[in-house]
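Have a look at the structure below before the remarks.
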Amino acid sequence: MMTNKAEIRKYIKDMKNNLTEEEIEIRSSRIAKKLFDKPFYKQAEYIYLYVSYNQEIDTIGIIKHILEDKKRVAVPKVVDKNMEFHEITSLNQLSEGAFGIQEPTVYKPVSEDPEWASSNLMIIPGLAFDKNGSRIGYGGGYYDRYLHKNPERIGLKIALAYDFQVLEHIDIESYDEKIDGIITDKE
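Under this note's numbering, read the sequence shown as residues 823 to 1009, first letter to last.
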């Protein structure tokens, strides 16, 4: 059984690297459909969402759907060692940024918009999760720091994951922020 974060990260990265583009597309579509059927999604007006990278669940289609549903969406931008979320109104407002990840090209920080003061939903990336809400990210601590600094701004915290990313138990540190739920391609 894997116990440390480095072993877990390597295992999950290896599993993700073995996915074909077709598998990613099929699994991502399944997960997106489940998300859109959830009452918390239907009720959400303001949604924080990451832009997928490498073999993550594809969120570009999810962002497009959110915008078509006339909901407001904010995506992250890395600035120095921190992360800021900026509202976008079109996928055309994304371009390659830090770490090769798509980032907003517009400057519309949600921290300066009072309407975003209490968002309904944040969809959080990660490498591994357990059913108790523990999460292992990519090691940069960006989401942990953002959530720690802005607890009042975020409502429900959900992860989208392949079934193999959900483990029985993950040991986390005191600074690791927990999530409220997981949507997988199997459950």
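Glycine residues also receive a C-beta, built at the ideal position from the N, C-alpha and C atoms.
Discussion item. Could you check whether F907 and V932 sit closer than 8 Å to each other, using their CB atoms as the reference points?
Written reply: For the purposes of this step, residue 932 is identified with residue 110 of the sequence shown, where counting begins at 1. For the purposes of this step, residue 907 is identified with residue 85 of the sequence shown, where counting begins at 1. Going by C-beta atoms, V932 is nearer than 8 Å to F907.
Discussion item. Three Cβ pairs or more, each shorter than 8 Å: is that satisfied between the stretch 933–953 and the stretch 990–997?
Written reply: yes
Practice prompt. Could you tell me which residues DSSP pairs with T813 in its beta bridges?
Written response: Residue 813 cannot be examined here, being either before or after the span of the chain that is shown, 823 to 1009.
Discussion item. To the nearest angstrom, how far is the alpha carbon of S940 from that of E974?
Written reply: Locating residue 940 in the sequence shown gives position 118, counting from the first residue. Locating residue 974 in the sequence shown gives position 152, counting from the first residue. Straight-line Cα distance between these residues: approximately 6 Å.
Worksheet item: Nearest to N904 by CA position, among A920, L857, S912 and V895, is which residue?
Response: For this step, residue 904 is matched to residue 82 along the sequence shown. When only C-alpha atoms are compared, the closest one is A920.
Worksheet item: I think L889 touches V897, with their Cβ atoms under 8 Å apart; what is that distance to the nearest whole Å?
Response: Translated into positions along the sequence shown, residue 889 becomes position 67. Translated into positions along the sequence shown, residue 897 becomes position 75. About 11 Å; that fails the 8 Å criterion.
Worksheet item: Where do the ends of the beta strand (DSSP E) carrying L969 lie?
Response: The sequence position of residue 969 within the sequence shown is 147, counting from 1. Not the beta strand (DSSP E): L969 falls in the alpha helix (DSSP H), residues Y964 to K971.
Discussion item. If you reduce the DSSP assignment to three classes, tell me which class D985 lands in.
Written reply: As a working note, residue 985 is residue 163 in the sequence shown. If DSSP states are grouped into helix, strand and coil, D985 belongs with the helices.
Worksheet item: Exposed or buried, which one is P926 when buried takes at least 16 other CB atoms within 10 Å?
Response: Position 104 of the sequence shown, counting from 1, holds the residue named residue 926. Buried is the call here.
Worksheet item: So, L969 versus I1005, is the Cβ gap smaller than 8 Å?
Response: Counting from 1 along the sequence shown, the entry for residue 969 is found at position 147. Counting from 1 along the sequence shown, the entry for residue 1005 is found at position 183. Against a cut-off of 8 Å, the Cβ pair of I1005 and L969 comes out as no contact.
Fill in: Spatial neighbours of N876 in its chain, beta-carbon cut-off 8 Å, leaving aside the 5 residues before and after
Looking up residue 876 in the sequence shown gives position 54. Excluding residues within five positions, the ones whose Cβ falls inside 8 Å are K838.
Worksheet item: For A866, is the classification buried or exposed, using 16 other Cβ atoms within 10 angstroms of its Cβ as the cut-off for buried?
Response: As a working note, residue 866 is residue 44 in the sequence shown. Burial call: buried.
Discussion item. I'd like the ranges of any beta strand (DSSP E) spanning at least 3 consecutive residues and lying wholly in the stretch 888–931.
Written reply: 894–901, 904–910, 916–918 and 924–926
Item to complete: Tell me, please, which residues DSSP counts as bridged to T1006.
Response: Here residue 1006 corresponds to residue number 184 of the sequence shown, with the count starting at 1. Looking at the DSSP assignment, T1006 forms a beta bridge with A983.
Worksheet entry | Integer Cβ distance of H887 from F858, believed to fall under 8 Å | Counting from 1 along the sequence shown, the entry for residue 887 is found at position 65. Counting from 1 along the sequence shown, the entry for residue 858 is found at position 36. Yes, H887 and F858 are in contact; Cβ-Cβ is about 7 Å, under 8 Å.
Item to complete: Give me the Cα-Cα distance between L910 and V928, rounded to the nearest whole angstrom.
Response: To locate residue 910, count along the sequence shown from 1; it is residue 88. To locate residue 928, count along the sequence shown from 1; it is residue 106. In the sequence on display, residue 910 carries Ile and not Leu. Each residue's alpha carbon lies about 7 Å from the other.
Worksheet item: Expressed to the nearest angstrom, what Euclidean distance is found between the alpha-carbon atoms of K893 and V901?
Response: The count along the sequence shown starts at 1 and reaches residue 893 at position 71. The count along the sequence shown starts at 1 and reaches residue 901 at position 79. So the two alpha carbons sit approximately 25 Å from each other.
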